[in-house]
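Chemist:
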Amino acid sequence: MKRVKIVVGNWKCHKTPSESVEFVKELKSRLQGHTGCEVGVGPTFTALYPVGKELSGSNIALCSQNIFWEKQGAFTGEVAPAMLKDCGVKYTIIGHSERRQYFGETDETVNKRLKASFAEGMSAIVCIGETLAQREAGKTNEVLSTQLKGALADISGADMVSRLVIAYEPVWAIGTGKVATTDQVREAHAHIRAVLNELLTPELGETVRIQYGGSVKPENATEIFAVENVDGGLIGGAALKADSFMAIINAAK
Ligand code: 13P
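For the sequence shown, my numbering begins at -17 and goes up steadily by one.
1. Over what stretch of residues does the beta strand (DSSP E) that includes Asn41 continue unbroken?
2. When the Cα atoms are used, what is the spatial distance from Asn211 to Ala172?
3. Taking the alpha carbon of Lys35 as the reference point, which residue from Asp68, Val61, Ser127, Pro152 has its own alpha carbon closest?
4. May I have a chain-ordered list of the beta strand (DSSP E) segments no shorter than 3 residues that lie completely inside the stretch 101 to 189?
5. So, do the stretch 91 to 105 and the stretch 58 to 75 have three or more beta carbon pairs nearer to each other than 8 angstroms?
6. Could you pull the DSSP bridge partners for Gln193 from this structure?
7. Can you tell me whether DSSP reads Thr91 as helix, strand or coil?
8. Name the two residues that bound the continuous beta strand (DSSP E) containing Lys72.
9. Quick check on Glu20: does DSSP put it in helix, strand or coil?
10. Can you check DSSP and say which residues form a bridge with Leu216?
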């Protein structure tokens, strides 16, 4: 089964709206005529609208870093699905470990956000991953199964096949420069694939893409992307500069 790789820059809390627009202008021109893998960028909420306008009709997908599950209402500070869709968002990034760690995200809220995203016709990148303590306690697979099954509770097989991407991001490898070894990546991705096959069917499970995230850099991208069941990357720090992001995109082709 041939899955098209997907490389997404998660900008986290970086770049003002003007800086974001400048950046995607450059990216757009450097990616003209680009094929071979899917590319996306995830600016902050305030930059989504202008960046979406800039990317309209381009080969770069707009991604949001979160999504609220209610349609609208008295929920100060939240951003509803239709508001993201209207900006041109194609993928919502859900359940990032920083959201889980600092903002109380749980498997249950991840599941609500995922349902809201699909209901609005957007695709989603669901992030899962173990902490160092969980890995050292031999609980990696158990944690990944729980997070995955919690996120995907009551999600239809059709939505999973057509709109879902999973990002495996070991928490200890995020922003630390400590990239997982290819063996660790292979094992985790194989386990995630097995859970997807169990939730769907082996045939359909094979169609869902699994990104790796955590200290991916131009220097290690080729090696990581060559690992079985690695279908691209979710890139933090190295996605903030056009040169390094382009190098990672080229490694995925
Ligand atoms: P870094 O690439 O900076 O380690 O961040 C990874 C990440 O969290 C992407 O979502």
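Backbone N, C-alpha and C define an ideal beta-carbon position, used for all residues, glycine too.
Modeler: Quick answer:
1. Taking the first residue of the sequence shown as position 1, residue 41 is located at position 59. Run containing Asn41: none; DSSP gives neither H nor E here.
2. In the sequence shown, counting from the first residue as 1, residue 211 sits at position 229. In the sequence shown, counting from the first residue as 1, residue 172 sits at position 190. Each residue's Cα considered, the two are about 7 angstroms apart.
3. Mapped onto the sequence shown, residue 35 falls at position 53. Residue Asp68 is the option with its Cα nearest to Lys35.
4. 105 to 110, 146 to 150
5. yes
6. Along the sequence shown, read from residue 1 onward, the residue named residue 193 stands at position 211. Answer is Ala149, bridged to Gln193.
7. For the purposes of this step, residue 91 is taken as the residue at position 109 of the sequence shown. In this structure, Thr91 counts as helix in the three-state DSSP scheme.
8. Stepping through the sequence shown from its first residue, residue 72 is reached at position 90. Taken as a continuous stretch (DSSP letters only), the beta strand (DSSP E) holding Lys72 covers 71 to 76.
9. Here residue 20 corresponds to residue number 38 of the sequence shown, with the count starting at 1. Three-state DSSP puts Glu20 in a strand.
10. Counting from 1 along the sequence shown, the entry for residue 216 is found at position 234. Val(-10), Gly195.
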